[in-house]
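Asks:
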Amino acid sequence: MQLEIRPDPAEVGRARKWARSRLAGSGIGADEPIAETLVLLVSELVTNAVVHTGCPAVVRLSLPEPETAGGATVRLEVADACSRAPVPRCAGGEATGGRGLALVDGLADRWGWSVEGAGKRIWCELDRSDPSEDAGADQDGARCPEPAFETYGSYGAYGGFEGFAYEAV
């Protein structure tokens, strides 16, 4: 499945709506956390494409078949004709932007980018656990709280974090 987008900020909302409509037939419920995470990732990657490249782009989604959706991987790709590499930024507290790739890094199970023709392809993947094998539930089926973490460090010259550490909060 793919959607062509113009280099126009209005395309971000259209891409989110498109992603939600694709989820409807995939066996992934709109109220599942993976669905909300995927829509947020679509929003971030499409925003980066339309704001930072000035080029049209193509959004691709690889979703599991409904009968195999339980433990499948969802893949999102955004390809554009701009050869500039994605550069994560370290946004200050007052900045209104610059956090997109940090969000992708924190939300996706895997992400990366590669050269594609004269442009590039940025991708990310989300692993969907089988709801019947909810590892976060205790013996009575109640959800156990997830630990909270803060990240520290700065982006390195190659797009990775330097001095990256987690601290439980």
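Mapping of the sequence shown onto my numbering: position 104 corresponds to residue 222, and the numbering continues sequentially without gaps. Just so it is clear, CB atoms sit at the ideal spot from N, CA and C, and this is done for glycine as well.
1. Does the segment 172 to 183 come close enough to the segment 207 to 217 to have 3 or more Cβ pairs within less than 8 Å?
2. For residue 133, which of helix, strand or coil comes out of DSSP?
3. Can you tell me whether DSSP reads residue 202 as helix, strand or coil?
4. Could you tell me whether the segment 124 to 135 touches the segment 156 to 169, using the rule of 3 or more Cβ pairs below 8 Å?
5. What residue from 143, 151, 136, 122 has the CA that sits closest to residue 244's CA?
6. Among 148, 163, 145, which has the Cα closest to the Cα of residue 219?
7. Where residue 125 and residue 226 are concerned, what is the direct C-alpha to C-alpha distance, given to the nearest angstrom?
8. Taking only runs that begin and end inside the segment 140 to 185, name each unbroken alpha helix (DSSP H) of 4 or more residues, in chain order.
9. Within its chain, find whatever has a CB closer than 7 Å to the CB of residue 136; leave out the 5 residues flanking it on each side and keep chain order.
10. Helix, strand or coil: which one does DSSP assign to residue 124?
11. Do you know offhand how far residue 195's Cα is from residue 201's?
12. Could you check which residue in 234, 241, 240, 176 has the C-alpha nearest to that of residue 133?
13. Looking only at C-alpha atoms, which of 159, 192, 236 sits nearest to residue 222?
14. Give me, in chain order, the residues of the same chain whose beta-carbon lies closer than 6 Å to that of residue 172; leave out the 5 immediate sequence neighbours on both sides.
15. Does DSSP put residue 220 in a helix, in a strand, or in coil?
16. Along the beta strand (DSSP E) that carries residue 230, what are the first and last residues, could you check?
17. What did DSSP end up calling residue 138 once you bin it into helix, strand or coil?
18. Measuring only the C-alpha atoms, how far is residue 234 from residue 240?
Replies: In short, the structure shows the following:
1. No contact exists between the segment 172 to 183 and the segment 207 to 217.
2. Helix at residue 133.
3. Reduced to three states, the DSSP call for residue 202 is coil.
4. In short, these stretches touch, since the Cβ pair count reaches three.
5. Looking at the Cα atoms, 151 is the closest of the given residues.
6. Comparing Cα-Cα distances from residue 219 to each of 148, 163, 145, the minimum goes to 163.
7. Counting only the Cα atoms, residue 226 lies some 24 Å from residue 125.
8. Counting whole runs of 4 or more residues, the segment 140 to 185 contains the alpha helix (DSSP H) stretches 151 to 170.
9. Leaving aside the five residues that flank residue 136 on each side, the residues in its chain whose CB is nearer than 7 Å to its CB run, in chain order, 121.
10. Three-state DSSP puts residue 124 in coil, outside helix and strand.
11. Residue 195 and residue 201: Cα-Cα distance of roughly 16 Å.
12. Considering only alpha carbons, the answer is 176.
13. Answer by Cα proximity: 159.
14. Sequence-distant Cβ neighbours of residue 172 in its own chain, meaning closer than 6 Å and more than five residues away, are 125.
15. Note: residue 220 maps to helix in three-state DSSP.
16. Annotation: the continuous beta strand (DSSP E) that includes residue 230 extends over 228 to 234.
17. Of the three classes helix, strand and coil, the one that applies to residue 138 here is helix, per DSSP.
18. Going by the C-alpha atoms only, they are around 10 Å apart.
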